[in-house]
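For any residue, its number in our numbering is found by taking its place in the sequence shown, counting from 1, and adding 18. Glycine included, every Cβ here is placed at the ideal spot set by N, Cα and C. Each remark here refers to the structure printed beneath this line.
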Amino acid sequence: MLEKLEAIQDRYYYLEERLSDPEVLADMKVFAKINKEYKDLKALVDAYKAYKKCMSDLNEAKSLLKEDDPDLREMAQAEIDHLQPEAEALESHIKYLLIPKDPEDSKDVIFEIRSGTGGDEASIFAGDLYRMYSKYFESQGWKTEVLDENPGTVGGYNKIVLEVYGEDVYGKLKFESGAHRVQRVPKTESQGRVHTSAATVAVLPKFEEEEIDIRKDELRVDTFRSQGAGGQHVNKTESGVRFTHIPTGIVAESTDSRSQHKNREIAMQRLYAKIQEVQREKAYAEQKDKRKSLVGTGDRSDKIRTYNYPQNRVTDHRINLTLYNLDRVMEGELEEIIQALQVAENAEKLKGEEVL
19 MLEKLEAIQD
29 RYYYLEERLS
39 DPEVLADMKV
49 FAKINKEYKD
59 LKALVDAYKA
69 YKKCMSDLNE
79 AKSLLKEDDP
89 DLREMAQAEI
99 DHLQPEAEAL
109 ESHIKYLLIP
119 KDPEDSKDVI
129 FEIRSGTGGD
139 EASIFAGDLY
149 RMYSKYFESQ
159 GWKTEVLDEN
169 PGTVGGYNKI
179 VLEVYGEDVY
189 GKLKFESGAH
199 RVQRVPKTES
209 QGRVHTSAAT
219 VAVLPKFEEE
229 EIDIRKDELR
239 VDTFRSQGAG
249 GQHVNKTESG
259 VRFTHIPTGI
269 VAESTDSRSQ
279 HKNREIAMQR
289 LYAKIQEVQR
299 EKAYAEQKDK
309 RKSLVGTGDR
319 SDKIRTYNYP
329 QNRVTDHRIN
339 LTLYNLDRVM
349 EGELEEIIQA
359 LQVAENAEKL
369 KGEEVL
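Shown next, in the form of structure tokens:
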């Protein structure tokens with residue numbers, strides 16, 4: 019562990035020197051890359067420095083236990099009792115910081131909500147989820163752009179797709195992919211009976227074009243007319259885009275936007291995500307001893323959360339977390355749930371990775 023931390027600290031000081039190099043300062047792209055790695059290492063290096071000092075003080079206090087003076091030994095023991103838990107806490111924190119980070123966590127996302135089973139009530143619930151997430155995005159300081167929306171007949175949405183921009187967006191929102199179930203008395207219910215409806219959420223990390231390593235000669239591109247509610251645009255413009263990755267046969271398409279250019283971008287993101295998922299599944303098959311991330315596959319059939327209005331209860335089924343503050347959750351207060359999911363995922367990573 020100490021050798022690994024020393025190497026990380028050496029790297030940190032090397033990056034610090036490079037940040038003052040005139041050649042680096044003259045190239046903003048290189049500077050930004052080095053500065054990001056430098057900032058990423060800072061918390062770990064600071065924790066390591068604190069750990070080294072704590073261990074030095076602890077060893078010094080232990081050496082005083084050999085002294086003849088009983089008062090000095092008593093004082094040394096009191097110091098040990100104070101420093102020992104501090105050292106253990108710092109060691110645990112360092113283990114946490116050493117967990118390999120998902121490189122996709124810092125990416126922006128394409129975020130989609132669709133109504134599921136439940137008819138009009140499902141569309142209303144999809145609208146409630148959109149409102150909930152919008153408030154959460156705002157609390158995080160993230161920006162959004164709606165790409166496509168298909169309103170429900172009595173409110174809410176049959177589907178809404180948007181882009182979300184900001185810091186560590188995918189790192190937090192990746193936990194939201196899957197089926198969200200609601201239990202409540204619908205507005206359309208005249209006899210006061212509780213119904214169960216559902217909406218699905220899909221979260222796709224947004225890759226830059228240069229990050230997507232797919233050769234053009236391996237792609238077949240088809241354009242087609244979007245099928246929708248009607249209107250001149252739908253009938254006359256081939257805005258839908260479909261990509262087929264010839265080596266794997268994987269297909270991805272988009273009709274989410276009226277812009278063919280935007281649909282090409284979304285379809286490519288989906289294609290890349292599908293290829294990545296196939297590669298991840300292959301890795302999981304080869305390493306069966308390692309557990310799958312609790313984030314799951316992002317499949318719409320994965321029931322992840324239940325929102326029970328009569329009991330003011332929200333339950334995340336992946337980590338058996340139940341909270342009785344649904345009213346606040348629906349106002350965008352999702353941080354407690356997301357942090358609990360992050361802690362659980364990191365605990366799984368600690369089990370599956372030799373980080374020390």
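Beta-carbon contacts of residue i that lie in its chain and below 7 angstroms, excluding the five residues immediately before and after
i	result
K292	I268 and A270
W160	V182, Y183, G184 and V187
T340	R331 and T333
Y66	L23, Q27 and I112
Y154	G350 and L352
E163	L180 and E181
A79	A94, E97, I98 and L101
D75	L101
I356	K190 and F193
Y32	none
M348	D146 and M150
Q287	I128, L222, K224 and F225
Residue i, DSSP secondary structure in three states
i	result
G196	strand
K161	strand
E366	helix
V221	strand
V212	coil
V203	coil
L289	helix
D138	helix
E85	coil
R282	helix
S152	helix
I356	helix
D39	coil
Range covered by the beta strand (DSSP E) that runs through residue i
i	result
F242	L237 to F242
G258	G258 to H263
N326	K321 to N326
E122	It is not in any beta strand (DSSP E) - E122 carries neither H nor E in the DSSP assignment.
I268	I268 to S272
D400	The question about residue 400 has no answer here: the residues shown for the chain are numbered 19 through 374.
R331	R331 to D334
L352	Per DSSP, L352 belongs to no beta strand (DSSP E) and is neither H nor E.
Contact set for residue i: own chain, Cβ-Cβ below 6 angstroms, skip 5 residues either direction
i	result
E104	C72
R260	D240 and E271
T135	A216
Y30	L59 and V63
E109	none
A365	none
D166	V179, D274 and S275
R243	E256
L359	F193
F143	V200, S215 and A217
DSSP beta-bridge partners of residue i
i	result
K177	R132 and N168
Y183	K161
V361	According to DSSP, which records beta bridges pairwise, V361 is partnered with nothing at all.
L339	D334
V127	V182 and P223
Span separating the alpha-carbon of residue i from that of residue j
i	j	result
S124	H213	38 angstroms
Q201	Y327	6 angstroms
P88	L191	58 angstroms
P121	L43	25 angstroms
R282	R238	12 angstroms
K47	A61	23 angstroms
R149	E354	18 angstroms
V127	A50	21 angstroms
R211	P204	8 angstroms
E41	K54	17 angstroms
N77	L222	50 angstroms
S277	H335	38 angstroms
L37	A25	19 angstroms
L289	P265	13 angstroms
I232	R346	44 angstroms
Residues near residue i by beta carbon distance below 8 angstroms, same chain, minus five either side
i	result
E85	R91 and A94
R199	T214, S215, A216, K321, R323, T324 and Y325
L20	none
V171	Per the sequence presented here, residue 171 reads as Thr, with Val not at that position. For T171, where only same-chain residues beyond five positions count, the Cβ hits under 8 angstroms are D138 and S141.
N176	R132, S133, S141, A144, N168, P169 and G170
A247	The predicted position of A247 is uncertain, since its pLDDT is 48 and thus under 50; no value can be drawn from it.
Residue range of the unbroken alpha helix (DSSP H) whose run includes residue i
i	result
P103	P88 to L116
L23	L20 to R36
R346	L344 to V347
Cutoff 7 angstroms: residue i Cβ touching any chain D Cβ
i	result
R199	Of the chains in the structure shown, none is chain D; there is only one protein chain.
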